[in-house]
Amino acid sequence: GNGNGVEPPLPSRFSRFRSRLRLRRHRGRDRCGAAGDASESGKGVAADEFAGIARIRIVKADLRFKDKFFACLSLGERTYRTETSDSTHRPVWNSEKKVVIETNGPHIARISVFETNRFSKNTLVGYCEVDLFDLLTKDLEEEHVEDLALLDPSSSTTTMGTISVSCYIEDPVETEQSFARRVLAIVDYNEDGKLSLSEFSDLMKAFGNGLAVNKIEELFRQADTNGDGIVDMDELAALLADQQEKEPIISNCPVCGESLGKYDKINDMIHMTLCFDEGTGNQIMTGGFLTDKQAAYGWMFKLSEWANFSSYDVGLRSGSTASHILVFDRRTKRLVEEAIDGKIVLSMRALYQSKVGLTLIDSGVKDILKNLSEKQGKKMNSPESAKDIPKFLELFAGQINMDETKDPIESFKTFNEFFIRQLKPSARPIAHIDDGSIATCAADCRLMAYSSVDESTRFWIKGRKFSIEGLLGADAHYNAFKNGSLVIFRLAPQDYHRFHVPVSGTVEKFVEIPGCLYTVNPIAVNSKYCNVFTENKRVISIISTPEFGKVAFVAIGATMVGSITFVKKEGDYVHKGDEFGYFSFGG
Amino acid sequence: STVICVFEKDAIQFDADLLANSERSLETLVEVGTTLGVSKRNRGLKVSELQKCSIE
């Protein structure tokens, strides 16, 4: 014991991980002779330095009905899927995947279960989310299996069954040793688990770093700490860990060839461990998808040669050129695919991204869109339109959380009333509410932010006539806005349609600019033939603030949703986060 | 529908994650009230105030 009869509590896995990392840093500094800075040497490991491997195993599920199922694991910009089970209501997959977790990286894993369909897209039947950081704070010595409720995608309050998942955060010692074991196996020709000098030399050559013979012999002696003339697995693990920090002997990943040492040294080992896993087939989940929706495409899509998804060109392929629109969820740090009907995408492309479409726009489509929106406005204000609410909720299952809505569904007498629904006061907390120097987001939306107009036109707005002057018009434009910064908040149909004030200040004026009602979908915004933001109907308000100077707030109407209402008036002092107005169906 | 906010030149420093995604032409899903960015002017003011304090 410790003298007083009470055992000290075991340190958490997270604290052990951190202290091990801290040790590594100290060792590194001592060797480099850079430990002179006392404040530096007394500092713990910064939170953003943490990185490790989480081993996630999707074991089985217990579902309400019988079918063939598969499960997807999504983390950040990666999604993996299991094999498809036999037809049963208790599928067993027992599929494992190792993923990297970093403090500043994605840590909320989503697990989705799909039923398979022979000809159409597979159907999502349930999902759950796991915060991997929570596991770090638990003191779990062994891998353990947890049963998680699978939420119904159309209602967050009902469950579709349970899924058994095991998550385990690998200790860095374990990672180092398992890595050394694998590396050793490459050149351990007599399979005795130890390396002779000749095997050790072959290994060094395999790392492709061109070390001289005498340097290799020196490293061998350094590794052979007990001086028995061979290097065993523990000795090799220690050498690789130490040496990779001091003078890397592995300059490129032996599996994928990627150059190492760009980031933290421990990340190199994690990278190589994961690469080895992919190569040896130990990982029994298929990867290469960006979102669970992509992983769930039907067989026809998978047969196609172009059925691959690259994280690298995700942005380039999004917007106008993509067959699907991807957005990055800030909360979960995960890519998600926007729900949009394929036929609508095709028709929008035809209209907004071709010269033929441009001709159509010039020859009366503007009036058609305006009339359509006015007609739709009348329809959505009629009592009959209320019956469309449940269908709308079903269409956007999992994307509208009715628990956050202030009033119950039955209270909405028309669809438009539902469309402009208010949220409970606690549903959207305002960040740094008392600090006027921090601006906040104005809407539940898909956001783009650019420090200058030039950047916005380089990366996003492709309409050739776009300019700040054109957007604001003569009555609301000030010289200070020239090449100013701009942020675009795009609302999708399923979103909460009220917009809020992003900064605190005084509303100076409102300027209404009549115009067209083109769609504000990226397909149109990214088109060089269409100038959505400078031609659509809009209302501009100027807010005067002490911290940001003048801020122009431009509410832009779109096809069908062309009615803009403000709830504040000129001269009002507004606090950031205050409700400012809403969009509704109409012209 | 869409809202665009235009800030004066050099008035705001947008959050790094929002800028990074936008430079990949990738929209970021956000909610009302989450942080957007910080005033550059105010930060500058605070720095000069601090410097003034230390000199005195």
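These protein sequence lines are chains L and R, in that order. For the first sequence, the residue numbers in this note's numbering are 1044 to 1630. For the second sequence, the residue numbers in this note's numbering are 429 to 484. Yeah, the Cβ is synthetic: ideal placement off N, Cα and C, and Gly gets one too. Every value quoted in this text rests on a predicted model; they were computed, and no experiment measured them.
- request: Report buried or exposed for R/Ala444, applying the criterion of at least 16 other Cβ atoms within 10 angstroms of its Cβ.
  value: exposed
- prompt: What did DSSP end up calling L/Arg1642 once you bin it into helix, strand or coil?
  reply: The requested residue 1642 of chain L does not occur in the structure, where chain L is confined to residues 1044 to 1630.
query: Counting only beta-carbon atoms, is R/Ala439 nearer than 8 Å to chain L?
result: yes
- prompt: Apart from the five residues just before and just after L/Asn1574, which ones in its own chain have a Cβ nearer than 8 Å to its Cβ?
  reply: Gly1506, Arg1507, Lys1508, Phe1509 and Gly1513
message: Three Cβ pairs or more, each shorter than 8 Å: is that satisfied between the region 1191-1203 of chain L and the region 1437-1446 of chain L?
response: yes
task: Determine the direct distance from the alpha carbon of L/Thr1125 to that of L/Arg1133, and round the result to whole angstroms.
output: 15 Å
query: My guess is that L/Glu1622 and L/Val1604 are in contact by the Cβ rule of under 8 Å, so how many angstroms apart are they, rounded?
result: About 17 Å; that fails the 8 Å criterion.
query: Is any beta-carbon of chain R found at less than 8 Å from that of L/Phe1458?
result: no
- request: Would you identify the three-state DSSP class for L/Phe1222, choosing helix, strand or coil?
  value: helix
message: Can you check whether the C-beta of L/Tyr1561 is within less than 8 Å of a C-beta belonging to chain R?
response: no
query: Do R/Ser467 and R/Ala448 have their C-beta atoms closer together than 8 Å?
result: no
query: Which residues, in chain order, does the region 1526-1537 of chain L contribute to contact with chain R at a C-beta distance below 8 Å?
result: Asn1526, Gly1527, Ser1528, Leu1529, Val1530, Ile1531, Phe1532, Arg1533 and Leu1534
message: I believe L/Ala1266 touches L/Leu1254 by the beta-carbon criterion, under 8 Å. Please report the beta-carbon distance rounded to the nearest angstrom.
response: That belief does not hold up - the Cβ atoms of L/Ala1266 and L/Leu1254 are roughly 13 Å apart, past 8 Å.
field: chain R contact residues for L/Lys1467, given Cβ-Cβ distances below 7 Å
entry: By Cβ distance, chain R contributes nothing, its closest Cβ being about 12 Å from L/Lys1467, past 7 Å.
query: Hey, does L/Gly1600 have any beta-carbon neighbour from chain R nearer than 8 Å?
result: yes
- prompt: In chain R, what lies closer than 9 Å to L/Val1610 by C-beta?
  reply: Here the premise fails: no neighbours, minimum Cβ distance about 14 Å.
message: With a threshold of 7 Å on Cβ separation, who are the neighbours of L/Ala1474 within its own chain once the five nearest residues in sequence on each side are excluded?
response: Ile1481 and Thr1483
message: I'd like to check one pair, L/Ala1598 with L/Phe1542: are the Cβ atoms closer than 8 Å?
response: yes
- request: For L/Thr1577, collect the residues of the same chain with a Cβ closer than 8 Å to its Cβ; drop the 5 residues on either side in sequence, then sort them by chain order.
  value: Gly1506, Lys1508, Phe1509, Ser1510, Gly1513 and Leu1514
- request: Evaluate L/Arg1264 with the Cβ neighbour count: other Cβ atoms within 10 Å of its Cβ, from every protein chain shown; 16 or more gives buried, anything less gives exposed.
  value: exposed
query: Should L/Lys1619 and L/Ser1547 be called a contact, given that it needs their Cβ atoms to be closer than 8 Å?
result: yes
query: Considering L/Leu1167, what are the terminal residues of the beta strand (DSSP E) in which it resides?
result: Thr1166 to Asp1174
Per DSSP, the bridge partner or partners of L/Val1496: Answer is none; L/Val1496 lacks a bridge partner.
task: Name, please, each residue of chain R whose Cβ falls closer than 8 Å to the Cβ of L/Thr1483.
output: Val460, Gly461, Thr462, Thr463 and Leu464
- prompt: Pairing CB atoms from the region 1225-1235 of chain L with CB atoms from the region 1202-1210 of chain L, are three or more of them under 8 Å?
  reply: no
- prompt: Can a CB atom of chain R be found closer than 8 Å to the CB of L/His1150?
  reply: no
Three or more C-beta pairs below 8 Å linking the region 1095-1114 of chain L and the region 1141-1152 of chain L: yes
Whole-angstrom distance between L/Ile1313 and L/Val1143, CA atom to CA atom: 7 Å
message: Please list, in chain order, the chain R residues whose beta carbon lies closer than 7 Å to that of L/Ile1443.
response: The contacting residues do not exist; L/Ile1443 stays about 13 Å from chain R at best.
message: Below 8 Å, how does it come out for the region 1551-1566 of chain L and the region 1446-1461 of chain L: are there three or more Cβ pairs, yes or no?
response: no
task: Would you grab the beta carbon distance between R/Thr430 and L/Val1563 for me? Rounded to a whole angstrom, and I think it's under 8 Å.
output: 4 Å
- prompt: Beta-carbon separation of L/Asp1639 and R/Glu459 under 8 Å?
  reply: Lying before the first or after the last residue shown, residue 1639 of chain L is absent from chain L, which here runs from 1044 to 1630.
- prompt: Closest to R/Glu451 by CA distance: which of L/Ser1130, L/Ser1499, L/Asp1615 and L/Ser1155 is it?
  reply: L/Ser1499
field: Whole-angstrom distance between L/Lys1103 and L/Glu1139, CA atom to CA atom
entry: 12 Å
- prompt: Under 8 Å, do L/Asp1105 and L/Gly1204 count as touching if we go by C-beta distance?
  reply: yes
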